[in-house]
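Notes to accompany the following structure.
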Amino acid sequence: MDIPAIGEARGIFEIFVPGTFLLLNLGFVLYMFPYTDSEIKSLISAGASNPAIALIIAVSFGYLIGILLRLFRPEFPDKLSARWLRIFARREDPRESRIWSTEEFPYITWIGESCSLFLSKDAQDFYDKTWKLRKMAGQNKQFFNFAKVVIISNDTQAAAEVYAAEALTRYISGMFYALSFAFLLLLATIVLSYLVSGQLLGGLIFIVSAYLFAILIILTRFRFIRIKEVEVVFAASYKNKEHFEGKKTRNTDTSTNKG
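Below is the structure:
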């Protein structure tokens, strides 16, 4: 698994943001937890009121928690999203099958169906010569990762598009896990506070409801977002098809031309 190093712009979006979000929720839950003593609450208040300390904690532990969230694979929210869509989503185009809601990543069969329905014959021929041959009973992430490496190594502009699509998928996956953990922690805090003190924390109930709503929104769209990532990689590989079909690239260096 490719994890961006500290300092890379890619890691700020899909690692640091979800990690910092969950870190803030952890601090809030620890402060509101009914069994937390006053000394720990004072330390949390002091750290939150000091911008320098808060920044150091956010950078250090936010990135660490983000890396830990990255270890949770996108397959789980992807499968949940696909199951949700199989139950609730309607077919927009009568020509389409439901393979997009049943196939596993990287959806090679669905890419072929998209080529036959919506793309040019040239794109269909490229798919038949390259991607179709890599279709397996399993997920075949190896070929998908290989395709990304080939694109990134040979096409800077396409590499930026691939990075952007991948970062969006990883960000939403990280936020799904961060929201889920925060939801469970806040829900436990609400229940324990009610059992211990008899207080029903209305503000936390609102936050928990908002988190649950965000989780549901992710589940309704995550499969489409991940399919979009694969479509971007396919389009980029089609643009650089000479590297996949074994064709030699034309030498454009004018310095070798004879006058």
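Read in order, the letters of the sequence shown are residues -4 to 254 in the working numbering.
Note that the Cβ used here is the ideal one computed from N, Cα and C, for glycine as well.
Is it buried or exposed for residue i, if we count other Cβ within 10 angstroms and need 16 for buried?
i: glycine 14; result: buried
i: lysine 143; result: buried
i: glutamate 240; result: exposed
i: glutamate 9; result: buried
i: glutamate 237; result: exposed
i: threonine 184; result: buried
i: asparagine 45; result: exposed
i: asparagine 246; result: Bear in mind that a pLDDT of 44 at asparagine 246, under 50, signals an unreliable position, so the number given afterwards is only what the model happens to contain. That one is exposed.
i: arginine 155; result: It is alanine, not arginine, that sits at residue 155 in the sequence shown. Alanine 155 comes out exposed.
i: threonine 215; result: exposed
i: serine 168; result: buried
i: alanine 205; result: exposed
i: serine 55; result: exposed
i: glutamate 270; result: Any question about residue 270 goes unanswered here, given that the chain covers just -4 to 254.
i: isoleucine 200; result: exposed
i: serine 109; result: buried
i: serine 175; result: buried
i: isoleucine 213; result: buried
Could you say which of the options lies nearest to residue i if we only look at CA atoms?
i: serine 76; options: Ile210, Ser232, Tyr233; result: Ile210
i: lysine 136; options: Tyr206, Ile82, Pro69; result: Pro69
i: arginine 65; options: Asn235, Phe28, Tyr206, Met170; result: Met170
i: serine 30; options: Val186, Leu207, Ala230, Ile213; result: Position check: residue 30 holds tyrosine in this sequence, whereas serine was assumed. For the residues Val186, Leu207, Ala230, Ile213, the minimum Cα distance to tyrosine 30 belongs to Val186.
i: tyrosine 166; options: Leu128, Ile82, Arg221, Leu112; result: Arg221
i: aspartate 73; options: Glu99, Leu63, Ile82; result: Glu99
i: arginine 81; options: Ala231, Glu224, Phe219; result: Phe219
i: isoleucine 62; options: Leu207, Ile7, Val225; result: Ile7
i: glutamate 224; options: Tyr158, Leu21, Phe113; result: Tyr158
i: alanine 53; options: Leu21, Leu112, Tyr26; result: Leu21
i: alanine 231; options: Lys36, Met27, Trp126; result: Trp126
Check whether the Cβ atoms of residue i and residue j lie closer than 7 Å to each other.
i: phenylalanine 121; j: glycine 57; result: no
i: phenylalanine 16; j: alanine 173; result: yes
i: alanine 162; j: valine 227; result: no
i: isoleucine 51; j: glycine 42; result: no
i: phenylalanine 71; j: proline 101; result: no
i: isoleucine 106; j: phenylalanine 217; result: no
i: tyrosine 233; j: alanine 153; result: no
i: isoleucine 60; j: leucine 18; result: yes
i: lysine 130; j: isoleucine 103; result: yes
Counting pairs of Cβ atoms below 8 Å between the segment 92 to 107 and the segment 180 to 196, do you hit three or more?
-> no
Alpha helix (DSSP H) segments (min. 4 residues) lying fully within the segment 109 to 196 | 116 to 124, 136 to 149, 151 to 192
Does the segment 141 to 159 come close enough to the segment 172 to 180 to have 3 or more Cβ pairs within less than 8 Å?
-> no
Taking only runs that begin and end inside the segment 17 to 69, name each unbroken alpha helix (DSSP H) of 4 or more residues, in chain order.
-> 33 to 44, 46 to 65
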